[in-house]
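Residue numbers for the sequence shown follow my numbering, so the first one is 131 and each next one is one higher.
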Amino acid sequence: MKQYSEGQVKVLELLAHHDNVSLMVAPSFVVDFDYKKFVPLMKGLGFDFVCELTFGAKTVNSEYHEYISKNCMQKRFIATTCPMCVSIVKAKNPEMTKYLLPIVSPMVAMAKVLAKKFPKNKIVFLSPCTAKKIEAQNSGMVDVSLTFKEMKQLLRKEKVKPKKCSHLFDGFYNDYTKVYPLAGGLSKTLNKKGILTKSQMCAKDGCTDFTSFFNQNKDKRFFDILFCDGGCIGGNGVAAKTPVFMRKYSVLSYRKYAKTEKLGKKKGLEKYTKGIDFSKSF
Ligand code: SF4
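Now the structure itself:
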């Protein structure tokens, strides 16, 4: 008898009872899925609209830039894209909580944009880790969240056949933030002009001991921190057992390929974010 997880059952129920279900996937998906086959498989499973979080990441970058420029007297800024890091800072370094950037994660930003664009659609999130799954559930913006591992199992159990599809994603596309799941991906893509210098920034993956990290980098102002080794490509919801350097290669190859895609109207534009509140308090 086939065994399904609670999330897998919920996804199948959503797809069975709703015509319009959107799927948003973290850009680290390429460590577990062939990027050319991914959307055809998701359409084969029954999703109506499939997009990445890359536009959400671009939106977060813009929000960070605006916040830092308005609060330029603040000594330090800690990125809040990784829910595990946020939890550890709050639990182990409460004196640093005031430096957490009060902006939602790329996942929540993307869900807010989707909810505005398709108010009737249900939203499923595909994640590289259980921390993001929990964040998605607590955000109230996402109907169901699955890890990559769970989605791979679901595709096998349901014997999903790919549906013909000529493009990578349906919309809200961005190529430069495809490196977001890599260590230092945020700091590399953040527009620093007028707010920070390169030497004021530091990035760390596999970051669990913040006390030492903050103490060792007293001269830094911007902390780009990710909990997993290698960044989100090392998340506990990833099925792949390949070494981190190979996963990194998959992300970079995908970005290279994506740059050759003709995006047209599929590109994420800033007009989609107008009127949305992306702030969050910690
Ligand atoms: S670094 Fe790890 S824990 Fe943090 S969001 Fe990425 S996959 Fe999740």
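By construction, the Cβ of each residue, glycine as well, lies at the ideal position given by its N, Cα and C atoms.
DSSP links ALA333 through a beta bridge to ASP354. Under a 10 Å Cβ-count criterion, VAL139 is classified as exposed, with fewer than 16 other Cβ atoms of the shown protein chains found around its own Cβ. Beta-carbon to beta-carbon, GLY314 and ASP354 are separated by about 6 Å, close enough to satisfy the 8 Å threshold. With respect to the 8 Å criterion, TYR379 and PRO157 are not classified as neighbours on the basis of their beta carbons.
LYS140: member of the alpha helix (DSSP H) spanning 136 to 147, first to last residue. Remark: the shortest separation between the CB of PRO236 and any heavy atom of the ligand SF4 does not fall under 7 Å.
According to DSSP, residue pairing for MET214 in a beta bridge does not occur. The residue from LYS410, ASP407 and TYR384 with its alpha-carbon nearest to that of TYR165 is TYR384. For LYS252, DSSP records a beta bridge to VAL151.
In this model, LYS294 and ALA370 are separated by some 26 Å (Cα to Cα). For PHE344, the enclosing alpha helix (DSSP H) stretches over residues 340 to 346. The shortest C-alpha to C-alpha distance from GLY174 to any of GLN133, PRO292 and VAL216 is the one to PRO292. Taking the Cα positions, ILE264 is about 34 Å away from LYS323.
Judged by pairs of C-beta atoms under 8 Å, the segment 230 to 245 touches the segment 184 to 193, as three or more such pairs exist. Under the three-state reduction of DSSP, TYR303 is assigned to strand. Looking at the backbone, the Cα of MET226 and that of CYS332 are separated by about 16 Å. Within the same chain, Cβ atoms closer than 7 Å to the Cβ of ILE198 are found at PHE207, ILE325 and LEU326, the five residues on either side in sequence being excluded.
Relative to the ligand SF4, the beta carbon of CYS358 is positioned inside 7 Å of a heavy atom. Judged by beta-carbon spacing, VAL180 lies within the 8 Å limit of VAL169, meaning their Cβ atoms are closer than that value.
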